[in-house]
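Undergrad:
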Amino acid sequence: MTNFVEELRWRGMLQDIMPGTEEKLNEGMTAGYIGFDPTADSLHVGHLTQIMTLIHFQRAGHKPYALVGGATGMVGDPSGKSDERNLQTEDMVEHNLAGMKRQLSKFLKFEDEGNGAVMVNNADWFKDMSLFAFIRDIGKHITVNYMMAKDSVKRRLEGDSGLSFTEFCYQLIQGYDFYYLWKHHNCLVQMGGSDQWGNIVTGTELIRRKDSGTAFAVTTNLIKKADGTKFGKTESGAVWLDPEKTSPYKFYQFWLNASDDDTKKWIRIFTLKSQEEIEALENEHNAAPHLRILQRALAEDITIRTHSAEALETAIKTSEFLFGNGSLEFFKTLSEAQVLEIFEGIPQFTISKNDLNDGIDAATLLAEKSAVFSSKGEAKKLIQGGGVSVNKEKLKDPSEQITLANLLNDQFIIVQKGKKNYYLLIVKA
0 MTNFVEELRW
10 RGMLQDIMPG
20 TEEKLNEGMT
30 AGYIGFDPTA
40 DSLHVGHLTQ
50 IMTLIHFQRA
60 GHKPYALVGG
70 ATGMVGDPSG
80 KSDERNLQTE
90 DMVEHNLAGM
100 KRQLSKFLKF
110 EDEGNGAVMV
120 NNADWFKDMS
130 LFAFIRDIGK
140 HITVNYMMAK
150 DSVKRRLEGD
160 SGLSFTEFCY
170 QLIQGYDFYY
180 LWKHHNCLVQ
190 MGGSDQWGNI
200 VTGTELIRRK
210 DSGTAFAVTT
220 NLIKKADGTK
230 FGKTESGAVW
240 LDPEKTSPYK
250 FYQFWLNASD
260 DDTKKWIRIF
270 TLKSQEEIEA
280 LENEHNAAPH
290 LRILQRALAE
300 DITIRTHSAE
310 ALETAIKTSE
320 FLFGNGSLEF
330 FKTLSEAQVL
340 EIFEGIPQFT
350 ISKNDLNDGI
360 DAATLLAEKS
370 AVFSSKGEAK
380 KLIQGGGVSV
390 NKEKLKDPSE
400 QITLANLLND
410 QFIIVQKGKK
420 NYYLLIVKA
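All the letters of the sequence shown, read from the start, carry residue numbers 0 to 428 under numbering that gives the first Met the number 0.
(1) What does the alpha-carbon distance come out to for the pair Thr270 and Asp354?
(2) Say whether the segment 104 to 122 touches the segment 54 to 64, bearing in mind that this needs 3 or more beta-carbon pairs closer than 8 Å, one atom from each stretch.
(3) Does DSSP put Glu83 in a helix, a strand or coil?
(4) Note down, in chain order, each residue of its chain lying with its Cβ closer than 8 Å to the Cβ of Thr302, except the 5 sequence neighbours on either side.
(5) If you draw a straight line from the C-alpha of Thr142 to the C-alpha of Gly27, how long is it?
(6) Determine the direct distance from the alpha carbon of Phe320 to that of Lys419, and round the result to whole angstroms.
(7) Using C-beta distances below 6 Å, list every residue in its chain close to Gly417, excluding the 5 sequence neighbours before and after it, in chain order.
(8) Look at Glu6 and His46 and say whether their C-beta atoms are less than 8 Å apart.
(9) So what does DSSP say about Thr71, is it helix, strand or coil?
(10) Considering Cα atoms alone, identify which of Glu281, Lys427, Thr332, Lys232 is closest to Val44.
(11) Between which two residues does the beta strand (DSSP E) carrying Thr349 extend?
(12) Candidates Ala404, Asp259, Met146: which alpha carbon is nearest Asp226's?
(13) Thinking C-beta only, is Gly19 closer than 8 Å to Phe215?
(14) From the DSSP output, in three-state form, read off Pro247 for me.
(15) Tell me where the alpha helix (DSSP H) around Leu130 begins and ends.
(16) In this structure, how does DSSP classify Pro63 when only helix, strand and coil are distinguished?
(17) Inspect the beta-carbon positions of Ala70 and Phe125 and report whether they are closer than 8 Å.
(18) Would you mind reading off the limits of the beta strand (DSSP E) that contains Leu187?
(19) Leaving out the 5 sequence neighbours to the left and right, which residues in its chain are closer than 8 Å to Lys23 when beta-carbon positions are compared?
(20) Taking only three categories from DSSP, how would you classify Ala336?
(21) If contacts are defined as beta-carbon pairs under 8 Å, then Pro37 and Met99 qualify, I think. What distance do you get, rounded to the angstrom?
(22) By how many angstroms is the C-alpha of Glu328 removed from the C-alpha of Ala361?
(23) Helix or strand or just coil, what does DSSP make of Lys153?
(24) Under 8 Å, do Ile350 and Lys375 count as touching if we go by C-beta distance?
(25) In chain order, what residues of the same chain lie with their CB nearer than 6 Å to the CB of Ile359, ignoring the 5 residues before and after it?
(26) Would the beta-carbon of Leu171 fall within 8 Å of that of Met146?
(27) At what residues does the beta strand (DSSP E) containing Asp261 begin and finish?
(28) Runs of 3 residues minimum, wholly inside the segment 344 to 422: which ones carry the beta strand (DSSP E) assignment?
(29) If you compare alpha carbons, which of Ser388, Val200, Ala65, Met0 is closest to Lys105?
(30) Quick one: measure Cβ to Cβ for Glu283 and Ile292, integer angstroms, because I've assumed they're closer than 8 Å.
As structure tokens, this is what we get:
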């Protein structure tokens, strides 16, 4: 057994903790849970703080429960939201649950013995419960005054959109989740983000009022970026854990491009490195910040655990290809979908295969058949100055012929203007 609360504390993750929680956890193996709403068929990096909390909980010798909200996912939690979200159908929720289960299994050890993780679905205990049974057996224990005092409720009531009865009931429904797990699985602790504190303590209050029981609560800090932008969001949207939604390369780049201020916090939260290892990396990083040692350590650690060592290797080789001296041999191993994904957001031009049958001079190809340059004169000037590469090789003459033999993977030509400006020519019949 190790001290779970102390682990969260030194990592800068701990926000709120109910009195007596740390002492209870230090007595021996304790069951605790975190809930995940199935709003999509994949988790995203915004969920990683809670996933890491469960990982630390299990590593400390405790038994983690991951509750997936098959029932609550069809209701909606008002916490931290200014508008009511769209409710989902039962089929949508079931589809999303399956994806979440696969992902959580990558991070937690699901075993029958000892402190193996357990996954539960609150639809299992809500599906056969009638409204009358709920309001008679559960609702009578929590007053409207108590529910109205919650910040999540007050903010919505003060806002323009108001609060539906559906979402108003959410804290009571989540409270019953805690009661059910406490009663039937001896789950004594609920954990979550700090915006869940009100919902969590409603559960502890329900346990106290209904069965005179004792339960505990821990919340973690909500992650914010140093520049004030939302954590886990990029220009193209959320950063997902599903490689089909966010490729391992883009996932790796998200962490690699973090600022120094963010990385110093995130490497504590999102890796399993010890305090000594992190401090040693910080010293190395401070001695040579341009090498981005902290960012690389963070990106490599979380990419391997979310995807695989092979996915990390591909992500690194992709980065080297685009920003370093990566070889064309690596590019030739990529599928068409992978190539297009890598070059997403990079200017792309479609060229007719007929234009390359007899060869075409580089200046014409780059200025007239595509818009890499605005004029042939501009193209000729930069080519003669050694500033243009085709397929990683510098052009020496504007009249140099580009033919079908230059195609990579039978359909692509990569043009580089200067050091950082890439263009993708897609050649089609």
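Even glycine gets a Cβ: it sits at the ideal position worked out from N, Cα and C.
TA: Let me lay it out:
(1) Stepping through the sequence shown from its first residue, residue 270 is reached at position 271. Stepping through the sequence shown from its first residue, residue 354 is reached at position 355. Taking the straight line joining both Cα atoms gives about 51 Å.
(2) The segment 104 to 122 is in contact with the segment 54 to 64.
(3) For this step, residue 83 is matched to residue 84 along the sequence shown. With a pLDDT of 46 at Glu83, under the threshold of 50, the predicted position of this residue should be treated as unreliable, though the coordinate-derived value follows. Look at Glu83 here: in three-state DSSP terms it is coil, with no helix or strand label.
(4) Taking the sequence shown and counting its residues from 1, one reaches residue 302 at position 303. Cβ neighbours of Thr302 beyond the five flanking positions: Pro247, Phe250, Tyr251, Trp254, Ala310, Leu311, Ala314.
(5) Reading the sequence shown from its first residue, position 143 is the one you call residue 142. Reading the sequence shown from its first residue, position 28 is the one you call residue 27. So the two alpha carbons sit approximately 34 Å from each other.
(6) The sequence position of residue 419 within the sequence shown is 420, counting from 1. The sequence position of residue 320 within the sequence shown is 321, counting from 1. Just so you know, the alpha carbons of Lys419 and Phe320 end up roughly 12 Å apart.
(7) Your numbering for residue 417 matches position 418 in the sequence shown. If you ignore the 5 residues before and after Gly417, its C-beta comes within less than 6 Å of the C-beta of Gly386, all in its own chain and listed in chain order.
(8) As a working mapping, residue 6 is identified with position 7 in the sequence shown. As a working mapping, residue 46 is identified with position 47 in the sequence shown. Against a cut-off of 8 Å, the Cβ pair of His46 and Glu6 comes out as no contact.
(9) Position 72 of the sequence shown holds residue 71. Helix.
(10) As a working note, residue 44 is residue 45 in the sequence shown. Nearest option by C-alpha distance: Lys232.
(11) Along the sequence shown, one-based indexing puts residue 349 at 350. Start and end: 347 to 351.
(12) In the sequence shown, the residue the question calls residue 226 occupies position 227. Per the C-alpha coordinates, the member of Ala404, Asp259, Met146 positioned closest to Asp226 is Asp259.
(13) On the sequence shown, position 216 is the one that residue 215 refers to. On the sequence shown, position 20 is the one that residue 19 refers to. With a cutoff of 8 Å on beta-carbon distance, Phe215 and Gly19 are scored as near each other.
(14) Here the question's residue 247 lines up with position 248 in the sequence shown. Looking at Pro247 - three-state DSSP - the assignment turns out to be helix.
(15) Indexing the sequence shown from 1 puts residue 130 at position 131. Note, Leu130: alpha helix (DSSP H), 130 to 136.
(16) Your numbering for residue 63 matches position 64 in the sequence shown. DSSP places Pro63 in strand when its eight states are reduced to three.
(17) Sequence index remark: in the sequence shown, residue 70 carries index 71 (1-based). Sequence index remark: in the sequence shown, residue 125 carries index 126 (1-based). Going by C-beta atoms, Ala70 is nearer than 8 Å to Phe125.
(18) Position 188 of the sequence shown, counted from the start, is the residue given in the question as residue 187. Looking at the DSSP string, the run of the beta strand (DSSP E) that includes Leu187 is 186 to 192.
(19) Your numbering for residue 23 matches position 24 in the sequence shown. Taken in chain order, the residues that qualify are Thr29, Leu187, Val188, Phe215.
(20) Counting from one through the sequence shown, the residue named residue 336 turns up at place 337. In the structure shown, Ala336 adopts helical secondary structure according to DSSP, grouped into three states.
(21) Within the sequence shown, numbered from 1, the residue matching residue 37 stands at position 38. Within the sequence shown, numbered from 1, the residue matching residue 99 stands at position 100. About 6 Å separates the two Cβ atoms, so the contact holds.
(22) On the sequence shown, position 362 is the one that residue 361 refers to. On the sequence shown, position 329 is the one that residue 328 refers to. In this structure, the alpha-carbon of Ala361 lies about 23 Å from that of Glu328.
(23) Here residue 153 refers to the residue found at position 154 when the sequence shown is read from its first residue. The three-state secondary structure of Lys153, taken from DSSP, is helix.
(24) The residue given as residue 350 occupies position 351 in the sequence shown. The residue given as residue 375 occupies position 376 in the sequence shown. Taking 8 Å as the Cβ cut-off, Ile350 and Lys375 do not qualify as a contacting pair.
(25) Residue 359 sits at position 360 when you count from the first residue of the sequence shown. Excluding the 5 residues flanking it on each side, Ile359 has same chain C-beta neighbours closer than 6 Å at Ile401, in chain order.
(26) Taking the sequence shown and counting its residues from 1, one reaches residue 171 at position 172. Taking the sequence shown and counting its residues from 1, one reaches residue 146 at position 147. It is a contact, given that the beta carbons lie within the stated cut-off.
(27) Within the sequence shown, the letter at position 262 stands for residue 261. Taken as a continuous stretch (DSSP letters only), Asp261 belongs to no beta strand (DSSP E), being part of the alpha helix (DSSP H) at 259 to 269.
(28) Fully contained in the segment 344 to 422 are the following beta strand (DSSP E) runs of length 3 or more, in chain order: 347 to 351, 387 to 389, 411 to 416.
(29) The residue given as residue 105 occupies position 106 in the sequence shown. Ranking the options by Cα distance to Lys105, first place goes to Ala65.
(30) What you label residue 283 is simply residue 284 of the sequence shown in a count that begins at 1. What you label residue 292 is simply residue 293 of the sequence shown in a count that begins at 1. About 5 Å separates the two Cβ atoms, so the contact holds.
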